[in-house]
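The sequence shown begins at 1 in the UniProt record's numbering and counts up by one.
We put the beta carbon where it would ideally sit given N, CA and C, even for glycine.
Accompanying notes for the structure given below.
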Amino acid sequence: DSVTEKLSRQPPPSQSERNQLEQEYSTITQLYTQLGAVADNFTQDSYQTTEPYLAAERARLCVDTLRQHFADRVANLQALWQQWEQRLDTSRLTAQRWTLNMADSNRTVDWVSKLDSQLYPVLNETLTTAKSMVRDVEDKRERVLSEIRRAQAEVQLRLSTADEILSQAESLEGDKGVLTQLRALQERLQQVVTDYQVLLEVFISFFKNLAELEHTVQGLEGQYGVSLSPLTLAEVEKALREHDASRQAIQELFKFAHTESQQIIAKIRQQEPDAAAEKDTDAVRRMLEGQRTAWERAWTQHRMSLESQQQLGQFDSDLLHIHSNLDELSQQLSKVKGQFGENLAAAKATSLAFHYFEKTIELLEQRIETFVASGEAMLKSNHSSSPHIERELHSLRTRWQQFHQQVSDTRQLIDLSLQYFALVEEAEDWFREGSRLLMTIAKRSSSIRTPQEANDLLQEIELFLKPGESKQDERIQKISELAVQLYGSGQPEQLHQVKTESREMIDSFSQVSLELQQIINFLNKPPEEQRIEIVGLQEALPIDEKPVRKSPSPPPKKAKVEPEPKKAKVEPEPSKAKVEPETQPPNFILPLHDATIDEGSRFTFECRVTGIPMPEICWLKDNLSIDSNLDYHTKVEDGLCSLTIEETFTEDSACFTCRATNLLGYAETTALLTVRENEREAPPQFLQLLSPVSGVEGSPCRLECRVEGIPLPTVQWYRDGECVDSAPGYTTTYNNGVAVLSVEQMGIHNQGLYSCRATNRLGTEMTSASVTVQRLISEKAPEFVVPLSNVMARAGQKIRLECELCGVPEPQLDWVHNGKPFTESRDIKVQKEGGKLVLTISEAFPKDAGTYSLTATNSAGSTTSSCTVAVKGRLPTETSDSELASDLEPSKPSIPTTLRDATVSEGGKARLDCIIVGQPEPEVIWYHEGVPIKESKEVQLLFQGDRCSLIIAETLPEDAGQYKVVAINSAGEASSSCQLFVQRTEMQPEQTPEITGTKPLFISLLTDALATEGDSTSLECAVRGDPTPSVSWFLNNNPVVASDRLKMDQEAGGLCTLVISPVLADDRGVYTARATNPLGEAKCFAHLIVRSAANLAAVPSAPDVRLEERATVPAFTELFADRTVVEGGSTKFECIVTGKPTPKVRWLYNSEPVSGKDFLVSVSGSRQVLTIPVVSKVLAGGQITCVAENDAGKASCNATITVSDAPPVDDLLSSIDHLNLSETSVFELKREVFMQSSSHTQFGAGEPVVQVHGMASRTEQ
């Protein structure tokens, strides 16, 4: 029994126990053999005994039974022994296999553990190109992954063998810790092969993208490397625009690559050991930054080359223009040289004209100074064409100095000519005075009776000649000197005439004085001598010339008294005293006057002259006679002189002179005629250039220039070559040719070179000036210029918080969310964009909602700005434009056209308009005195594209007050407010509004439109001004007359509309809206293109076929359906409505108009959208109806909204966030959409027609 029990157990663990058992088994075998022999002997002996009292048979039976019992026991024991021996052999073989497997396992653990050194780092630091890196990683993927898979197979083999051995043997000697290591290796290899393969694939994808980017950059660098041939300025500017566009495209690629590299770096640090991760991270960054740096260097060098060419092109263009101006001015100057006129009036006119000429030269001088300064700046910057620039600047300076010297010389000669002609006139005045004195003496000499009378005449002559003759000599000497300077060696006619007249005048006075002295001597003689002398004279005279004696008194000696001056034309008779008739030199009692007229009009110069005898009239134009010019008609009647020009041209602009001449001299009158040129197309020209501005940080800045051109040019503003028209912080206005760029508070970033470029179809002109900003030295406490604004976003959208902050020194910033500080992370970024601070949350979740605060602190103080962020749920069943645009960069709502105060009469219609833009599309809420406005029959809220309008059909006194519109999205909020004034009907006293002095200004311009023949279209603009401007419409410069087809409307808020219905082919062209008030006018333009209806539909060509506008009943081409929405979620109902005329659309909830912030209505083309931002239980079972109505009928579309209690998707998303998934795990999210039916009802002219459109769809994702 003991041996049986031991054999039934497992083999003993020790050899001694096995030996003892074998000995015991051998003993039992021997005892059993002995037992058989004893039994056989007993049986034989029992048969031989003859004892009758012995129960031999019974004894034999007992012995046989006992023997059989032991035989069975021994047989069982032998079977057990054989089994035990077999188990023992198996155990020995298993132990041997176990020992061998353990040894192999130890070797496997050793070499598999060394695989880490082959895995990381992945990247080869010696490689420099993305392509070589891709090849290296792909090679490593094939080589290393095969090693890992071999290791996996070997580990699996060792584990399988061990499991098999262990399954055969219950207990084995040896270290079983190796199995634990193998299992750990197996799990680790499984994780490693997955992670490593994913990492390699990520590396390959990244470097392939980088290789494509590298190829793109190399292509651009190849283009940059091509030497630039000389380009025109326009070609260079186009190349610059294309170059800048390529920068933006490449930057987007690098931005994408940078984002991808950040993700890869995060994965490297998570997966690789620290030392290897540092190397791979450096390799990724080095590769990306190397390419970026190389591209930036090549791009910058090429841009500098283009800018250099642009500067050179602008330099050459300006230089050509300046030389052209100099050529033109030189030609004008050459025409002026030596043309001083014939008299003082002409010389003054020449001086005045030359003064205007000098003004033009001053403007050119300013332009040349600016040009030279820009050229010198280019030289200082070591421009590549510096020799050319220096040579041209030297040439320009030399030419300008020569030209300026010529101008100075000409001005000096003109000033001398004024002195010259003034002296000539003084000499002629003295001659005329002497002539008048000679005439007087001639008249008085005939009546001399006493010597005293003759002495008096002699004394008058002496008084005239004593001071006058010396002065006249000095004048003649000065005139001679000036004549040499003006005319050279040749003696001018005026000088010869003055000298001759002066000499003859003095000779005449000498002769008269001599004769008067003779008369005195004659009268001093006794009467008898006088008679004897008279008789002697009479006998000496011829008979026919002897005077008839009429009295005994002696006749006067007139023949000996009267002088003969040339100019005075005094011709006394030698024999008798004759009284000449009275004479008078020419004199203009009505002179000419300057005039300015428009080209093409008729004009007449008139003046009136007196003189005896009547003077002869001669007309001069710029000192040239016009007698041979058939375009000028002259006339003289009773001293009234006229010059008539039937049709004037700009060439008629000149100085016109009327000269009157008779025997006693001449007189002139001069006037300037200016003919304004009619408007013709002209390229832009700056009348007022930009001036440099310098200011301290925080002060306002204003740059202003004035430009003209036909058509009126458009202007663009640039800072250091970059357009700032729509840049934040800048305000631009452009009205009546005055362009203004304003900055309310300048910062250091506003410093630079500012340019205003004016362009029309005839050309481009530019003016530039520098803006210098000085830093404030004094400290300034932090202040929020623009505080944080509230934000509302949907789950998954990007959130953007913006603010503007100022302070000196720069403040330290601390962000807080719900009272807890936080720092930047992968999902939350804080950065500066220009002057703005921006906090960006890449993907919003409910946990991101709450209050955000920013505290700014510096040595001068601190300040805090806070805002609220709301995150709404997003349903799986919801589709919206905002979801499609969720990847776009969000932008804070802005209101470029704000609300404006309005005044309406009680009972009248009030309309408040604004334009709201933002990304994603903002939600809009209207308030009246702080209370949200709900849409009703009296109040209508319209959304047309970016235009938001509030319309009150009939205003009441309680409608007056403050109105506010608030737009909010994931980037922030914006608001605008205005006042509505309602005038009561009984307050009717009319008051004349004061003119506040505001010119008309278009705050919303016309936009080009495309319309089809037969359709209707409208043109809209908005204008402001005080007094309110009146707006008139023009088509191709012809007035538009209002009719049943053309309707014009101007609302109190300044919104002006021109509606054309139906549109005809003749309506195409350029439309002009002109706003005027007493202080000025403004214009804006739009182009209307009319498409022929024949291009849209085939129309029979028969002559009797006519296209007629037919009204069609509204119809829904796209319907919305019943909808089940989770409580707290949001949803949209969208449909498309068609019909002619365009239907008016209304939204109803349970047959009542929708209103308030619970329902948002918007329109995009023909698509009508009703948005319910937050669905509550109150809406459960309600019916949403869209009603479209026009003159032909109406149609409606209905759907039922059901509110469910299912958990919102946000909870599901948040639970997903907390799932712990490995790289190889699989997660599947299903969503199911089931749509039901909706009804569509049409009402036409007859009975209503109801059409039920069944819609059922099931979607699984």
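Proximity to Q944 across L980, Q1168, V982, G972 peaks at Q1168, based on C-alpha coordinates.
Here L1046 is bridged, per DSSP, to I1060. Approximately 4 Å separates the beta-carbon atoms of L1160 and T1171; this is inside 8 Å, confirming the contact. About 35 Å separates the CB atoms of L592 and S508; that is not less than 8 Å, and the two are not in contact. Taking a contact to require three or more Cβ pairs closer than 8 Å, the stretch 766 to 774 and the stretch 949 to 969 do not qualify as touching. The beta carbon of N790 lies closer than 8 Å to those of C867, T868, V869, A870, I968, G972, E973 in the same chain, with the five residues before and after it left out. DSSP places K337 in no alpha helix (DSSP H); its state is neither H nor E.
C948 has C914, F943 as its beta-bridge partners, per DSSP.
Y420 sits in a helix when the DSSP states are folded into three classes. Non-local C-beta neighbours of A162 in its own chain, meaning closer than 6 Å and more than five positions away in sequence, comprise N101, L179, ordered along the chain. Judged by DSSP in its simplified three-state form, H383 adopts coil rather than helix or strand. For L1088, the uninterrupted beta strand (DSSP E) run begins and ends at 1080 to 1091, by DSSP.
In this structure, Y730 sits away from L712, with a CB-CB distance that is not shorter than 8 Å.
Contact annotation: the stretch 343 to 354 touches the stretch 418 to 426, with at least three C-beta pairs closer than 8 Å. Counting only residues of its own chain and dropping the five nearest sequence neighbours on each side, P121 has a CB closer than 6 Å to the CB of A276, K279, D280. Nearest Cα to S1032 within the set G1014, L1055, L1010, S1016: L1055. Counting only runs that start and end inside the UniProt domain "Ig-like" (782 to 870), the beta strand (DSSP E) elements of at least 3 residues fall at 791 to 794, 799 to 808, 812 to 817, 828 to 833, 836 to 841, 850 to 858. For the options S853, R794, R800, K836, the alpha carbon positioned closest to that of N818 is the one of S853. When rounded, the separation of the alpha-carbon atoms in E426 and T360 is 34 Å. The alpha carbon of L523 has as its nearest neighbour, out of P467, V498, S445, the alpha carbon of S445. F207 is the residue among F357, F207, E362, L333 whose C-alpha sits nearest the C-alpha of R286. Excluding residues up to 5 positions away in sequence, N858 lie with their Cβ nearer than 8 Å to the Cβ of E810 in the same chain. When the alpha-carbon of F588 is set against those of S642, I597, I626, the nearest one is in S642. With fewer than 16 neighbouring CB atoms inside 10 Å of its own CB, G488 falls in the exposed class. Contact annotation: P846 and T759 have beta-carbon atoms that are not nearer than 8 Å.
By the beta-carbon neighbour count (other beta carbons within 10 angstroms, threshold 16), F256 is exposed. Here the alpha carbon of N209 sits roughly 10 Å from the alpha carbon of H215. The C-alpha of L1001 lies about 19 Å from the C-alpha of D1008.
Inclusion of L189 and K140 in the CB contact set at 8 Å is not warranted, their separation being larger than that value. Three or more beta-carbon pairs separated by less than 8 Å link the stretch 1042 to 1056 to the stretch 893 to 913, which places the two stretches in contact. Put simply, of C978, H1087, S1043 the residue whose alpha carbon is nearest the alpha carbon of L1005 is H1087. Leaving aside the five residues that flank K621 on each side, the residues in its chain whose CB is nearer than 6 Å to its CB run, in chain order, A654, F656. In the structure shown, M614 falls within a coil segment according to DSSP collapsed to helix, strand and coil. Where Q517 is concerned, the enclosing alpha helix (DSSP H) starts and stops at 493 to 524. Using a Cβ distance threshold of 8 Å, C756 and V715 count as a contacting pair.
Distance from the CA atom of S146 to the CA atom of Q197, rounded to whole angstroms, is 11 Å.
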